[in-house]
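Since the structure comes first, as structure tokens, the remarks are kept for the end.
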């Protein structure tokens, strides 16, 4: 019984010479470096009383004295310092006018700072600049006030320490820095580690890879839920360029696991319908519920570029879903049980079938063979059915709802005999929230209904483990109803509890209610500016935030976000990190009583009677517990000594009960959305040319577009001098795209704020050219550069496209009669094309890069009405050192010194003294123009090695220039013996196969299929490497090359007569 006596020790009050009722309400948790507030009330009393309230623990012992008059409430605040680990107690004593002593344990909690990391991108190329910001905020999202040193470490994908900052300096809680990547960094996932006092508090990954930005997005419109009884599925595939115009091409839609596929035409969108009668019957045996996966690939007509999207469709047994309102878990015999049921279709619309019945079944869990009790009800026009039931026998019952083929199981309920004492007791206090989802600064109303008349009441608003507001309300006249009203503050978000109580004839009447607030920031941030701009135009943005804020601005090409997102501050992630503190549960498991303040995380000390409900009769299962509690109370009360009432060295605290302790809040963010339909009420108009403007446009000098940065803004602003806004003006890059702009602000008083939605600027012009480039090619390879001419005017334009090679960084080529490239000495080439209105056409130029560098491609287009010119970079890499290389020459220019190291491996015709791998590679071009690579591998152990099996091995397969892996064929690779996993790198231009070890004498073969994404011929050899996962020095490397002709990539006159 010691548990029951402990319950009395902590929560039932010892009373000696009591002359009145008191209550002490305090948080059940205590935090370091945080204010701890306690509410003390003297209820019915004939005289004033003096209280001594304190906190006792290993590193903090402090008490205060207060004097209260009858019906008075005061608040005590303790400024708690850094706490050491140990046991802390809340100690209360009545030392004059009312004598008692009580102690309860407090839960010691430690607040973890809120750290957030923002990078300007989620993926970087070799040679890129990595820009990042770190926000270090306290529990209220204000700049952290701490002496702990902030350290930042950046590690590459091989866990090498690249940058290490020991003591980063914050500006209003923000640290901003950058890292320049080399041209040959370790590819893969890098990590930023942020530490406080040498303890890692936050990490964030970013990827370093060789990639090509997507030019358009693909979206799939389909139902999210469907029944397995459905006979068909309709799907819409949408494809848009990042500047909002429609993509024309083909869409291949695959449905798995039913293995259905169709190809349709797409011009901005396309529709497809699948017959599912046979397919679903095959994958859903015995009515099993699963998922359908829709995978759509859109191939752009002009370039052959591909983008894909996937969605998941949940499968259900029936087209209906059953919703039930919350139901009590305990009932008494003959008590009416009301169950409200709503039947909806899977799309959320109510079912209006008023004839089909809804069945409610209750199974007696103690009598397995007994038939269930069944009730029937019909739906009304809103899809609602209401059941009213009761039970004549006690026990545990398991409810089940049935409508048509849909079945819903509910938690079991308990039915027990009514207590004689219960029938004589009055109901509890009830609370009803009148303000649903209140916003910041709005007033919250809660209706209080008492079982009998009240003369006063007290309420406490609790948020994030702290008492935010306390009010003691004296009613002008006795009444049963009262409306509590208070203003919502940031510290109450996202969730707060209200504890309401009063004392009536020595009984503590209490109730609690949880409030859900609409999440938003106290520091409001908004971006205003133009919705559209021309390439290279100076654009001004105004950012509004609370005065004296640190404002972080980020503007990224939408194409970058389509490639990979997750770099920005995200609403869901921040909200999850800034969750409400879990209330401390003071309800003991062996107690059947509801403890006052339990839901709110409060401890309540009082000499009023509670609980006053749930009294048990002798013979009930819990009767012995109640009897023990009663005996313990009497025994403990006899042993209390009277406390000295001199109150020496006590500090009186005459604070008003209406003071508010501001402690905690919530943040707000937005998930990026890239569709143009949502522009905050503004209609996006593309730039157009009227007939009157045509002559003026034609005479304008063509501006060269050459700034194709994928990050426009990573700026830091301050709106000092009490200004509510800051302005930035900057030239927008030349890319025809949409820019997604977000901002955050950190303020010393109002904390973090973020833009609710990204602000978007569409950069566009009605006539422009673009070029489809791979990440890189090798020197000496021939590439056919596709130049796309877009005409969004209302008439056909005859355009002249010129490519300028005055820098002589490459050679123009064409096919000679011997089907070999012929080097052209000209420095410019020109082609003509007719482009229909609101459409695009393409031409190509065959070039052979002559140097290893980022060569500049200068291309222009002119028509009778408009023109455009671009300068874009193409990375040219060295050919590499295949095993056939026998000589190498090096040249160096300039002043200074350099170190050149050349390593070359060769094999002798002897058995190696260490293990290795042997590779056999057979590439083949299929009739579909796909590349098929058959690779077989063997393991060769060392000379004296008794173990004939390798460790886990990794095979890295580089693809020839212009090819990307076909990921849809990866299942065929996984089906091969000993293959564990398949990955890709460098925008799918390298395939990595993980093997579960190789055995001597056993050959393992895999087949890799690749698509031709870029028109490249005369490709240089590329390697396949197989190495030991645990010791990469044990490896084998072989090079392979594919046979390709310029006839495979040439167009028009470039092909000559030999390709016909």
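Residue numbers (the numbering used here): 8 to 1067.
Heads up, the beta-carbon is just placed ideally off N, CA and C, and yes, glycines get one too.
Keep in mind the model is a prediction, meaning the values are calculated, not measured.
- Ranked by Cα distance from residue 555, the options 90, 753, 331 are led by 753.
- With a threshold of 16 other beta carbon atoms within 10 Å, residue 136 falls short and is exposed.
- DSSP places residue 943 within a strand segment (E or B) once states are collapsed to three.
- In the DSSP assignment, residue 746 is bridged to 564, 768.
- For residue 977, the uninterrupted alpha helix (DSSP H) segment begins and ends at 977-981.
- If you draw a straight line from the Cα of residue 238 to the Cα of residue 320, it is about 15 Å long.
- If you draw a straight line from the Cα of residue 215 to the Cα of residue 994, it is about 11 Å long.
- Excluding residues up to 5 positions away in sequence, 807 lie with their Cβ nearer than 6 Å to the Cβ of residue 869 in the same chain.
- Remark: three or more beta-carbon pairs, one from each stretch, lie closer than 8 Å, so the segment 528-545 and the segment 756-770 are flagged as touching.
- By the neighbour-count criterion, in which 16 or more other beta carbons inside 10 Å mark a residue as buried, residue 544 falls on the exposed side.
- Rounded to the nearest angstrom, the gap between the Cα atoms of residue 960 and residue 735 is 53 Å.
- When the five nearest sequence neighbours on each side are left out, the beta carbons in the same chain lying within less than 6 Å of the beta carbon of residue 1012 are those of 943, in order along the chain.
- In this structure, 452 is the residue among 54, 452, 191 with its C-alpha nearest to the C-alpha of residue 438.
- When beta bridges are read from the DSSP output, residue 734 appears opposite 549.
- Residue 513 and residue 490 have their C-alpha atoms roughly 24 Å apart.
- Apart from sequence neighbours up to five positions away, the residues of its chain that approach residue 417 with a beta-carbon distance below 6 Å are 406, ordered along the chain.
- DSSP, reduced to helix, strand and coil, places residue 499 within a helical segment of the structure shown.
- Residue pairing by DSSP puts residue 126 in a beta bridge opposite 139.
- Counting C-beta atoms within 10 angstroms of its own C-beta, residue 43 has 16 or more neighbours from the protein chains shown and is therefore classed as buried.
- In the three-state reduction of the DSSP assignment, residue 332 falls in the coil class, being assigned neither a helical nor a strand state.
- For residue 72, the enclosing beta strand (DSSP E) has its first and last residue at 69-75.
- Nearest Cα to residue 244 within the set 235, 261, 117: 261.
- Straight across, the Cα-Cα distance linking residue 577 with residue 769 is about 23 Å.
- Taking C-beta separations shorter than 7 Å and ignoring five residues to either side along the sequence, the partners of residue 412 in its chain run 324, 325, following chain order.
- Ranked by how close their Cα comes to the Cα of residue 209, the residues 161, 192, 424 have 161 in first place.
- With at least 16 other beta carbons inside 10 angstroms of its own, residue 113 counts as buried.
- The beta-bridge partner set that DSSP reports for residue 364 consists of 385.
- Collapsing the DSSP output to three states places residue 528 in coil.
- With respect to residue 1043, residue 925 sits close: the two C-beta atoms are nearer than 8 Å.
- In the structure shown, residue 266 falls within a coil segment according to DSSP collapsed to helix, strand and coil.
- Scanning its chain for C-beta atoms nearer than 7 Å, with the 5 sequence neighbours on each side dropped, one finds around residue 457 the residues 436, 487, 516, in chain order.
- In the displayed model, residue 851 falls within a strand according to three-state DSSP.
- A distance below 6 Å between beta-carbons, with the five flanking residues on each side excluded, links residue 710 to no residue of its chain.
- In the same chain as residue 571, and ignoring 5 residues on each side of it, the C-beta atoms closer than 6 Å to its own belong to 129, 130, in chain order.
- Assigned with DSSP and collapsed to three states, residue 1060 falls in helix.
- In the DSSP assignment, residue 516 forms a beta bridge with 509.
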